[in-house]
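Asks:
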Amino acid sequence: MMEFGFRLSPSSTIDLDRADLSLYRKIERLEPDMKTCMACGSCSATCTAGQYSGMSMRKVILGLQRGTDVSGMLSCCMLCGKCTMVCPRGINTRHLILSICRTYEKK
Amino acid sequence: MIYQGKQKIWSDYQKDIPDDHWYYARSCIRQSFFPASEKYFLKICRDLLGKDICDNEHHTTCGGIAYHSDTIPQETAMTIVARQFALMTECGYDNLVVSCITSFGNYTETIETWREFPELEARIRENLWKACRREFKIPKYIAHASDLVYKFRNQIAENAQYRLVDKETGEPLKIVEHIGCHYSKMFPHKGVGGAEYPCVLSGMVESWGGQVIDYPERRHCCGFGFRQYLVKANRGYCVSNTHKKFESMEPYHPDAIITNCPGCPYFLDRWQYVIAEQTGKTYGQNGYGIPVFTYEELAGLVLGENPWDLGLQVHQVAVEPFLDKIGIEYKPSEKYLGLNKEDLLRPEMPQVLKCH
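Just so you know, the protein sequences line up as chains A and B, in that order. Under this note's numbering, think of the first position of the first sequence as 390, with each following residue one higher. Under this note's numbering, think of the first position of the second sequence as 652, with each following residue one higher.
#1: Quick one, are the C-beta atoms of leucine 988/B and tyrosine 981/B less than 8 Å apart?
#2: Taking the beta carbon of tyrosine 675/B as the centre, do at least 16 other beta carbons fall within 10 Å, making it buried, or is it exposed?
#3: Check tyrosine 801/B in the structure and name its three-state DSSP category.
#4: Identify the contact partners of glycine 394/A in chain B, using a Cβ-Cβ distance below 7 Å as the criterion.
#5: Spell out the partners DSSP gives aspartate 706/B in its beta bridges.
#6: Return the chain-ordered list of same chain residues with a C-beta closer than 6 Å to the C-beta of proline 942/B, the five sequence neighbours on each side being excluded.
#7: Give a yes or no on whether the minimum CB-CB distance between leucine 397/A and chain B is below 8 Å.
#8: If you reduce the DSSP assignment to three classes, tell me which class proline 477/A lands in.
#9: Since glycine 887/B meets chain A, which of its residues come closer than 7 Å, beta carbon to beta carbon?
#10: Classify leucine 988/B as helix, strand or coil using the three-state DSSP reduction.
#11: For glutamate 828/B, which beta-bridge partners are listed by DSSP?
#12: Determine the direct distance from the alpha carbon of glutamate 777/B to that of proline 913/B, and round the result to whole angstroms.
#13: Taking only three categories from DSSP, how would you classify asparagine 810/B?
#14: Can you list, in chain order, the residues of the segment 929-961 of chain B whose Cβ is nearer than 9 Å to any Cβ on chain A?
#15: The beta strand (DSSP E) spanning leucine 747/B covers which residue range?
#16: Kindly indicate which three-state DSSP category phenylalanine 944/B falls into: helix, strand or coil?
#17: Exposed or buried, which one is histidine 795/B when buried takes at least 16 other CB atoms within 10 Å?
#18: Based on Cα-Cα distance, which residue from Lys883/B, Val1003/B, Pro902/B and Cys742/B lies nearest to histidine 710/B?
#19: Less than 7 Å between the CB of valine 843/B and some heavy atom of the ligand MN, yes or no?
#20: Considering tyrosine 758/B, what are the terminal residues of the beta strand (DSSP E) in which it resides?
#21: By the 10 Å Cβ neighbour count, where 16 or more other Cβ atoms means buried, how is phenylalanine 940/B classified, buried or exposed?
#22: So, for glycine 955/B: in the same chain, excluding its five sequence neighbours on each side, which residues have a beta-carbon less than 6 Å away from its beta-carbon?
#23: How long is the line joining the alpha carbons of valine 816/B and proline 823/B, rounded to whole angstroms?
#24: Out of Ser464/A, Thr492/A, Phe393/A and Gly456/A, point me to the one whose CA is closest to tyrosine 441/A's CA.
#25: Go to isoleucine 489/A, then tell me how far its alpha helix (DSSP H) extends in each direction, as first and last residue.
#26: Can you pull the chain B residues whose beta carbon is under 9 Å from the beta carbon of threonine 402/A, in chain order?
#27: Who are the near neighbours of isoleucine 731/B in its chain, counting only those whose CB is closer than 8 Å to its CB and skipping five residues on each side?
#28: State yes or no: is the C-beta of arginine 447/A within less than 8 Å of the C-beta of serine 433/A?
#29: Compute the beta-carbon to beta-carbon distance between lysine 1020/B and asparagine 746/B, rounded to the nearest angstrom, for a pair I have assumed lies under 8 Å.
#30: So that I know if they touch, is there some Cβ in chain A lying closer than 8 Å to that of arginine 891/B?
#31: For methionine 474/A, go through chain C and note every residue whose CB falls closer than 9 Å to its CB, in chain order.
#32: Decide yes or no for the touch test of the segment 396-409 of chain A against the segment 891-900 of chain B: beta carbon pairs closer than 8 Å, at least 3 of them.
#33: Can you have a look at lysine 495/A and say buried or exposed, based on whether 16 or more other CB atoms are within 10 angstroms of its CB?
#34: Can you look up histidine 894/B in the DSSP assignment and give me helix, strand or coil?
#35: Give the DSSP-derived three-state secondary structure of aspartate 458/A in the structure shown.
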């Protein structure tokens, strides 16, 4: 490969036709509530761990919908349940996090 | 895609472009990148369309490259622009037609700024007088040269010797149109079709027999971005943008790309070599790239001009597969002969991208 002094950066394009959404489909069956998420970000705004660790429930759901790996973020969750209390759609996010972790373990 | 709907929207964004008497502002870089494009634009206007167009040897760069690279302040750029307007006024013209997209954006931005801040215009007039004792009138109308070709596209089609059609199958060739960002993204109402549906190039392609490809990254920047390219450490960002466009258009198998900006055809053409060397991937058929043309070059081809007189031998990507598809006659032995038949010498050929 010729050296030009600069290289191509990985593309940020999300191609949903090529993304592996099998994990999302599994979790969607376990936790149908997840489909009602409107990505308002209330869960992320109230997250105790979020400010220090990068944990964000909104990003977790978005990552699953795009087929990216979100297990690193979930490991920072302390299961305090504040996100469940503030969710305007009434999604049991605490339960959802546990279900996602279990699915990852089985995988 | 509801085609009828788009056509309806386009009709709301048509420009009322004056017919005749133009002062031509050349680009500072196009003449070295695409040496015959501007000459051929003047030839079309004067010889084919019979228009009065003034080409003045005294004008300079518009300062756009330096301005967008953050190396000169806006007032300096405006004073350079004011000098161009002064040259136009001295020649007795009111309509400015601009070769370069960035110059077009720069002139438009200057006039719009002066409209909002008249005191700035007064200061620039003073600067110009102090610098070179010149005065100017603001142009009544500013058009990009592609606007003019768009306006007269049907006249060009009537005189065309070739159409953008595959001579074997009779199918229209698939053309990607790429419009420079400074054409209508800055001031949408100044471009034919606005920022969302600029039809200046797609109109030409359809008139000349081709089919325009609508692909996801159609309105993405070519990647030039001035400062990104000029600083070597940032060039990876520049080429990555071009790569994104090529990845997006690849599934549609385009036969060629048409552009109306000085930087876009240069980077879409040259980066294909860099991408091929870095990834081993080419986007045309049989190891070739996708040829990239300026609108004047494409107009020249359909009008039957010799491809080598249009300067197509200085392109990085070989244009021969495209010429063969249409059935345009050319002599391979004359590819590297200049206008005076002097040998231009052969370039070194790349390892991955097929160029001969």
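We put the CB at the ideal spot given by N, CA and C, even for glycine. All values derive from a computational prediction rather than experimental measurement.
Replies: The structure says:
#1: Against the second sequence, residue 988/B aligns to sequence position 337. Against the second sequence, residue 981/B aligns to sequence position 330. No, Cβ-Cβ distance for leucine 988/B and tyrosine 981/B is not below 8 Å.
#2: As a first step, residue 675/B is located in the second sequence; it is residue number 24 there, counting from the start. Flag for tyrosine 675/B reads buried.
#3: As a first step, residue 801/B must be located in the second sequence, where it is residue number 150. Of the three classes helix, strand and coil, the one that applies to tyrosine 801/B here is helix, per DSSP.
#4: The count along the first sequence starts at 1 and reaches residue 394/A at position 5. Per Cβ cutoff of 7 Å: Lys883.
#5: Along the second sequence, one-based indexing puts residue 706/B at 55. Partner(s): Tyr675/B.
#6: Counting from 1 along the second sequence, the entry for residue 942/B is found at position 291. Here the set comprises Ala907, Val968, Val970 and Phe973.
#7: The residue you call residue 397/A lines up with position 8 of the first sequence. Yes, because at least one Cβ of chain B sits closer than 8 Å to the Cβ of leucine 397/A.
#8: Indexing the first sequence from 1 puts residue 477/A at position 88. In this structure, proline 477/A counts as coil in the three-state DSSP scheme.
#9: Sequence index remark: in the second sequence, residue 887/B carries index 236 (1-based). By Cβ distance, chain A contributes Phe395, Arg396, Leu397 and Ser398.
#10: Residue numbering aside, residue 988/B sits at position 337 when the second sequence is read from its first letter. Looking at leucine 988/B - three-state DSSP - the assignment turns out to be strand.
#11: As a position in the second sequence, residue 828/B is number 177, starting the count at 1. According to DSSP, which records beta bridges pairwise, glutamate 828/B is partnered with Ile909/B.
#12: Position 262 of the second sequence, counted from the start, is the residue given in the question as residue 913/B. Position 126 of the second sequence, counted from the start, is the residue given in the question as residue 777/B. C-alpha separation (whole angstroms): 32 Å.
#13: Within the second sequence, numbered from 1, the residue matching residue 810/B stands at position 159. In the structure shown, asparagine 810/B sits in coil (DSSP, three-state: anything other than H, G, I, E or B).
#14: Gln929, Thr930 and Gly931
#15: In the second sequence, the residue the question calls residue 747/B occupies position 96. Segment 746-749, the beta strand (DSSP E) holding leucine 747/B.
#16: Taking the first residue of the second sequence as 1, we reach residue 944/B at position 293. DSSP places phenylalanine 944/B in strand when its eight states are reduced to three.
#17: In the second sequence, the residue the question calls residue 795/B occupies position 144. Histidine 795/B comes out buried.
#18: In the second sequence, residue 710/B corresponds to position 59, counting from 1. Closest by alpha carbon: Cys742/B.
#19: With respect to small molecules bound, the structure shown includes none, and the ligand MN cannot be examined in it.
#20: Residue numbering aside, residue 758/B sits at position 107 when the second sequence is read from its first letter. That residue, tyrosine 758/B, is in no beta strand (DSSP E); its alpha helix (DSSP H) goes 752-767.
#21: If you number the second sequence from 1, residue 940/B lands on position 289. A small fix is needed here, since residue 940/B is glycine in this sequence, not phenylalanine. With 16 or more Cβ atoms within 10 Å of its Cβ, glycine 940/B is classed as buried.
#22: Stepping through the second sequence from its first residue, residue 955/B is reached at position 304. For glycine 955/B, where only same-chain residues beyond five positions count, the Cβ hits under 6 Å are Gln812.
#23: Your numbering for residue 816/B matches position 165 in the second sequence. Your numbering for residue 823/B matches position 172 in the second sequence. Between valine 816/B and proline 823/B, the C-alpha separation is close to 4 Å.
#24: Indexing the first sequence from 1 puts residue 441/A at position 52. Closest option to tyrosine 441/A, Cα to Cα, is Ser464/A.
#25: Walking along the first sequence from the start, residue 489/A turns up at place 100. 482-495 is the extent of the alpha helix (DSSP H) around isoleucine 489/A.
#26: Within the first sequence, the letter at position 13 stands for residue 402/A. Going along chain B in sequence order, the residues near threonine 402/A (Cβ under 9 Å) are Pro867, Glu868, Lys895, Glu898 and Ser899.
#27: In the second sequence, the residue the question calls residue 731/B occupies position 80. Within the same chain, isoleucine 731/B has close Cβ partners Thr711, Thr712, Cys713 and Gly714.
#28: Start at 1 with the first residue of the first sequence, and residue 447/A comes out as number 58. Start at 1 with the first residue of the first sequence, and residue 433/A comes out as number 44. Yes, they are a contact pair.
#29: Beyond the ends of chain B as shown, which are 652 and 1007, falls residue 1020/B; an answer cannot be given.
#30: On the second sequence, residue 891/B is found 240 positions in, with the first residue counted as 1. Residue identity check: residue 891/B is serine in the sequence provided, not arginine. Chain A contact via Cβ: present.
#31: Protein chains A and B are contained in the structure displayed, whereas chain C is not.
#32: yes
#33: Along the first sequence, read from residue 1 onward, the residue named residue 495/A stands at position 106. Per the 10 Å Cβ criterion, exposed.
#34: Taking the first residue of the second sequence as 1, we reach residue 894/B at position 243. If DSSP states are grouped into helix, strand and coil, histidine 894/B belongs with the helices.
#35: For this step, residue 458/A is matched to residue 69 along the first sequence. Coil at aspartate 458/A, not helix or strand.
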